[in-house]
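If you're matching positions, the sequence shown starts at 56 in our numbering and goes up one per residue.
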Amino acid sequence: GCTNEVCVYIDEPDSIKVEVLTTPVLCNGNADGQAEIIASGGAGNFSYLWTNRANITPIDTNLSARGY
């Protein structure tokens with residue numbers, strides 16, 4: 056009839072933080088801009104999906120001046 060009691064605490068991961076670094080195009084009409092996502096916190100790996108782009112990495116290059 057022996058018993059043992061253990062108290063367990065389950066922690067939450069840190070909140071996800073996202074920073075975006077951009078490099079503007081060099082001249083009007085060029086497609087040489089760049090955007091980089093720096094994500095931290097959370098748990099596991101991050102996935103990236105750029106609007107209207109096939110790129111799934113945290114850095115997208117050869118960008119023209121518009122929204123992504």
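Note that the Cβ used here is the ideal one computed from N, Cα and C, for glycine as well.
Opening and closing residue of the beta strand (DSSP E) in which residue i lies
i, result
"Ala90", "88-95"
"Glu67", "Run containing Glu67: none; DSSP gives neither H nor E here."
"Asn117", "114-118"
Cβ-Cβ distance between residue i and residue j below 9 Å
i, j, result
"Gly84", "Leu118", "no"
"Ala120", "Val80", "yes"
"Ala186", "Pro113", "Given a span of 56 to 123 for the chain in the structure shown, any question on residue 186 remains unanswerable."
Straight-line gap, residue i to residue j (C-alpha atoms, nearest Å)
i, j, result
"Gly99", "Ile71", "11 Å"
"Tyr103", "Val73", "12 Å"
"Phe101", "Thr58", "43 Å"
"Tyr123", "Val75", "11 Å"
Of the residues the options, the one placed nearest residue i, counting alpha carbons only
i, options, result
"Thr116", "Gly97, Glu91, Cys82", "Glu91"
"Val97", "Gly122, Asp66, Val75, Thr78", "Per the sequence shown, the amino acid found at residue 97 is Gly instead of Val. Comparing Cα-Cα distances from Gly97 to each of Gly122, Asp66, Val75, Thr78, the minimum goes to Asp66."
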